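In this note's numbering, the protein residues as written are 3 to 289. These notes are about the structure you will find just below.
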């Protein structure tokens with residue numbers, strides 16, 4: 003089976019499942035809409051504190067010249083008063099910025115686990131009806147996958163930024179572009195394994211779940227990764243279309259329609275992805 007044939011088959015199966023479970027898909031769409039509203043609200047609320055902290059940091063940056071000339075005084079254990087004040091101001095600004103960013107990240111992680119978990123479980127329910135015992139096992143598997151995915155992201159971010167954000171070195175242009183590209187590649191790979199695993203959380207038994215998940219993610223990557231990239235391109239392209247439409251004042255209503263259509267696209271792609279992965283695995287598992 004080639005990729006085009008696979009997409010055609012999975013697309014037909016997706017429309018068939020949505021047609022047979024209209025109410026479940028409607029609930030998925032409403033949940034997706036509410037999740038996006040909640041995420042944008044969290045970002046809007048917390049970005050105010052982030053911007054205030056950032057402005058305080060930029061105001062403290064001129065003191066870096068004084069801090070950079072402190073080495074001779076450090077060797078003699080003598081610090082000029084103005085250097086100490088600049089250092090403390092910069093340290094306070096960095097601490098405030100970190101606190102604001104950590105607060106935003108914490109709320110987004112909570113929203114991700116709660117919102118994404120509910121949405122993926124609803125999408126799975128559209129394909130497979132599970133018992134209460136099955137719901138509990140699916141939830142635990144999603145929490146496990148989320149812990150691995152989010153934990154890896156936090157570790158990568160901590161290692162990546164540790165060398166660039168400190169009291170003695172903070173340079174807005176210090177982050178190398180090649181390292182940024184590598185970071186995005188790692189994030190894409192991690193998210194690929196995450197949503198591939200989500201497609202199999204309906205499988206009963208942890209051992210069988212791990213076996214099918216890892217085998218499909220690696221051995222079937224030739225089929226799954228192009229589909230994964232295609233889905234990301236569709237989402238990115240749709241967002242760019244919304245952005246371009248919003249730039250033209252005469253197209254306001256068209257832009258509004260596109261924005262409201264975004265949750266519908268995401269809901270459809272969730273079901274489509276689950277169908278593609280299970281079709282590639284060769285087992286539309288119902289138990």
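Every residue gets a Cβ at the ideal spot worked out from N, C-alpha and C, and that includes glycine. Model, not experiment: these values are computed from the prediction.
Can you tell me whether residue i is buried or exposed, with buried defined as 16 or more other CB within 10 angstroms of its CB?
i           : result
residue 199 : buried
residue 131 : exposed
residue 25  : exposed
residue 97  : exposed
residue 202 : buried
residue 255 : exposed
residue 143 : buried
residue 220 : exposed
Roughly how many angstroms lie between the CA atoms of residue i and residue j, to the nearest whole one?
i           : j           : result
residue 282 : residue 226 : 7 Å
residue 27  : residue 274 : 12 Å
residue 110 : residue 265 : 18 Å
residue 229 : residue 15  : 16 Å
residue 208 : residue 147 : 12 Å
residue 103 : residue 151 : 19 Å
residue 272 : residue 196 : 13 Å
residue 276 : residue 211 : 15 Å
residue 21  : residue 235 : 26 Å
residue 108 : residue 162 : 19 Å
residue 13  : residue 269 : 14 Å
residue 243 : residue 267 : 13 Å
Residue i lies in the alpha helix (DSSP H); which residues open and close that run?
i           : result
residue 117 : Taken as a continuous stretch (DSSP letters only), residue 117 belongs to no alpha helix (DSSP H), as it is neither H nor E.
residue 211 : 208–221
residue 20  : 5–22
Got a sec: is the Cβ-Cβ distance from residue i to anything in chain C below 9 Å?
i           : result
residue 120 : Note that chain C does not occur in the displayed structure, where there is just one protein chain.
Identify, in the order they occur along the chain, each residue of the same chain with its Cβ nearer than 8 Å to the Cβ of residue i, setting aside the five sequence neighbours on each side.
i           : result
residue 222 : 282, 283
Who are the near neighbours of residue i in its chain, counting only those whose CB is closer than 6 Å to its CB and skipping five residues on each side?
i           : result
residue 77  : Low local confidence applies: a pLDDT of 48 at residue 77 is under 50, so the model's placement there is unreliable, and no value is given.
residue 232 : none
Take residue i and list the residues in its own chain whose beta-carbon comes closer than 7 Å to its own, dropping the five residues that flank it on each side.
i           : result
residue 33  : 120, 121, 124
residue 11  : 281
residue 194 : 227, 230
Next item on the list: Count the CB pairs spanning the stretch 31–41 and the stretch 110–124 that are closer than 8 Å, and state whether there are at least three.
Entry: The stretch 31–41 vs the stretch 110–124: in contact.
Check: Is there contact here, the stretch 188–196 with the stretch 150–159, by at least three beta-carbon pairs under 8 Å?
Finding: A contact between stretches requires three or more CB pairs, one per stretch, nearer than 8 Å, and the stretch 188–196 meets this requirement with the stretch 150–159.
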